[in-house]
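Report on one structure; see the data block that follows.
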Ligand code: MIC
Ligand code: SF4
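In our numbering, the protein residues as written are 5 to 636.
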């Protein structure tokens, strides 16, 4: 039987376990990526492992999320990240260089290799044929230290592409189309593998848009073959030596196959709420807009911004809205400077912002009360743009540009077709700093606080159900990103005061007064970002277990790594305020655990969402204490 691309990469990187579906595999990691909002904790965690040098072949520490440093604490974080990378052997990407995912496939990614990143959109690298996976900071710290990354061997979904996208539709519309088909849960347990004759019509940056937003389906990763398109892209980046051919065998078997004819993909918009709240243009055209944002790791490539410029050439941004463009990388910014696009933007009344994440997580450009912001980003949850009072919708660059001109959601097909021509990439790594070695002194401000030690849990967990929440709670609901918290990512005592800030402001105080307790969730608890702060924050407040109907992959692993027990059960039998007693003596792979609801006088059967290895991690108090104990 032939092999899929994913099977080939897994076999080449097998470190521990087996490649049998559903079993746990320990994967060798070739490259690691951290960024400034998850990276501070990850590097503090790396330091606590006592390793003297990064063991991954390539490790890059990016400054992108809070590159604008709207608070001094972020500048402190950046100095820490720069010096810690330099000392331990990682490349540091300075502020203004761009968003980690785009930069990584442009300057570092290698087809066929594994990449682990402390950011949920790390799968962007799949556009280049990498198996690129998002994880919590502790998992990346361990991978940086040379440890394996453990995951369940995924199922593989083939997306077979035929045809060619028509004018007004783009790679973004394709991924919105897929999200509408399979929903934000449809990718859970899968890696999505693209193939078919349609892929030759998609450039690497377009493929990267698709793999980037595959994260929103819940998939572990998404991957394209490495073909002639990939080879030409790497050659244009001056990295032809990094190319290898990587294709699925013709007789490879898949767990599921979806066929999409690209010529039938229309322009689409995901309205507020969830990325799968996808609407046809006919349903949304004419909706009033207050903002348009073009950029981010989803749509910050040269193709995207050049098309936006061509559409805006000789036109003006509508008076009723504000439009910003943020190139995904400095390389793209330089290309837009060269070809006159920046001038076009400025003449059209667009505000050009430095490359980086910033507005994508509500650092600036926060929508006003009841305002609607159309963005080319990947997430539109309430609260995502830095407020829960303004709303976000998601679209392609074509739709965003047409809408910026119209002042309301507009169908790009109503404007004449714009032709895109490839231009030579500008290769200038000025803002990438090579590491200098052990003599470097790591600079840390008082805001940078190491974690308290992880200690083994009691055999019987006792406490109150501190909060009961509904289905689909995201990491942004648990610990919001944006102006409230972004500068506190390296300070757990302070950031934990914002746990469930929009859901229930009193949660942190209540948790502390009760000496900790439990959280009760619904389906897909913890979906979204890789932010381990959504586990570390509750842990800091004394949360011992989370009981939910189901968990999102990265967050579930983060709970375990932190030392919090994830339990699946029928949560309708627990009310907020109930006292619970949970005996975890039998903790092991998928162990049946009985949750005693003392208040209601009932027993609720629960399943520990763990492997045996993860049960040992929880028993050790968390991944750091487990890893240290194993190596001593
Ligand atoms: C996001 O897009 O939600 C983020 C901000 O990039 C996060 C990481 C973080 O919280 O720092 C992610 O996607 O993992
Ligand atoms: Fe940055 Fe937004 Fe991409 Fe997250 S989704 S990495 S915040 S650009």
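Note that the Cβ used here is the ideal one computed from N, Cα and C, for glycine as well.
Residues bridged to residue i [DSSP beta-bridge criterion]
i, result
"residue 36", "63 and 120"
"residue 252", "DSSP lists no partner for residue 252."
"residue 4", "Here the chain has residues from 5 to 636 only, and residue 4 is not among them."
"residue 406", "The partner list for residue 406 (beta bridge, DSSP) is empty, contrary to what the question assumes."
"residue 292", "412"
"residue 531", "478"
"residue 160", "195"
"residue 550", "523 and 570"
"residue 469", "522"
"residue 555", "529"
"residue 226", "196"
"residue 379", "297 and 398"
Rounded C-alpha distance that separates residue i from residue j
i, j, result
"residue 511", "residue 139", "26 Å"
"residue 246", "residue 135", "15 Å"
"residue 178", "residue 629", "43 Å"
"residue 56", "residue 553", "41 Å"
"residue 356", "residue 286", "30 Å"
"residue 83", "residue 416", "43 Å"
"residue 289", "residue 321", "17 Å"
"residue 460", "residue 228", "42 Å"
"residue 115", "residue 608", "47 Å"
"residue 476", "residue 493", "24 Å"
"residue 558", "residue 533", "8 Å"
Presumed contact (8 Å Cβ cut-off) between residue i and residue j, rounded CB distance
i, j, result
"residue 648", "residue 39", "The requested residue 648 is not part of the displayed model; the chain covers only 5 to 636."
"residue 315", "residue 405", "4 Å"
"residue 167", "residue 267", "4 Å"
"residue 313", "residue 264", "That belief does not hold up - the Cβ atoms of residue 313 and residue 264 are roughly 29 Å apart, past 8 Å."
"residue 590", "residue 563", "Going by Cβ atoms, the distance from residue 590 to residue 563 rounds to 18 Å, so no, they are not a contact pair."
"residue 382", "residue 220", "6 Å"
"residue 137", "residue 225", "5 Å"
"residue 578", "residue 548", "About 14 Å; that fails the 8 Å criterion."
"residue 107", "residue 144", "About 17 Å; that fails the 8 Å criterion."
"residue 222", "residue 189", "5 Å"
"residue 89", "residue 73", "Residue 89 to residue 73, Cβ: 17 Å. No contact."
"residue 213", "residue 175", "4 Å"
"residue 307", "residue 207", "6 Å"
Residue interval of the beta strand (DSSP E) (run including residue i)
i, result
"residue 96", "95-97"
"residue 601", "596-601"
"residue 570", "569-573"
"residue 586", "583-587"
"residue 506", "Residue 506 -> no beta strand (DSSP E), and no H or E assigned at all."
"residue 73", "Careful: residue 73 lies outside any beta strand (DSSP E) and carries neither H nor E."
Alpha helix (DSSP H) segment containing residue i, residue limits
i, result
"residue 15", "9-16"
"residue 104", "104-111"
"residue 544", "537-544"
"residue 630", "627-635"
"residue 76", "76-92"
"residue 258", "Neither: residue 258 is in no alpha helix (DSSP H) and is coded neither H nor E."
"residue 306", "306-316"
"residue 137", "Premise fails: residue 137 lies in the beta strand (DSSP E), 135-138, not in any alpha helix (DSSP H)."
"residue 273", "No alpha helix (DSSP H) contains residue 273, which is instead part of the beta strand (DSSP E) from 272-274."
"residue 676", "Since the first and last residues shown for the chain are 5 and 636, residue 676 lies out of range."
"residue 319", "Neither: residue 319 is in no alpha helix (DSSP H) and is coded neither H nor E."
"residue 341", "334-342"
"residue 397", "No alpha helix (DSSP H) holds residue 397; the beta strand (DSSP E) holding it covers 395-398."
"residue 144", "141-148"
"residue 203", "Note, residue 203: premise wrong, no alpha helix (DSSP H); not H, not E."
Contact set for residue i: own chain, Cβ-Cβ below 7 Å, skip 5 residues either direction
i, result
"residue 503", "482, 483, 511, 512, 541, 542 and 545"
"residue 602", "583, 584 and 585"
"residue 369", "295, 297, 328 and 363"
"residue 67", "40, 82, 85, 97, 98 and 99"
"residue 254", "6"
"residue 624", "460, 630 and 633"
"residue 3", "Past the boundaries of the shown model lies residue 3; the chain is included only from 5 to 636, so the question cannot be answered."
Contacts around residue i, its chain only, beta-carbon distance under 6 Å, and the 5 residues preceding and following it disregarded
i, result
"residue 472", "524 and 580"
"residue 437", "96"
"residue 595", "612"
"residue 172", "271, 402, 416 and 417"
"residue 192", "222"
8 Å Cβ shell around residue i - same chain, five flanking residues per side excluded
i, result
"residue 274", "180, 183, 280, 281, 282, 283, 384, 397, 398 and 399"
"residue 468", "518, 521, 522, 581, 582, 583 and 584"
"residue 14", "23, 29, 31, 135 and 157"
"residue 463", "587, 588 and 589"
"residue 203", "165, 211, 228, 229, 231 and 233"
C-beta neighbour in chain C for residue i, strict 7 Å
i, result
"residue 46", "Absent from the structure is chain C; it holds one protein chain and no more."
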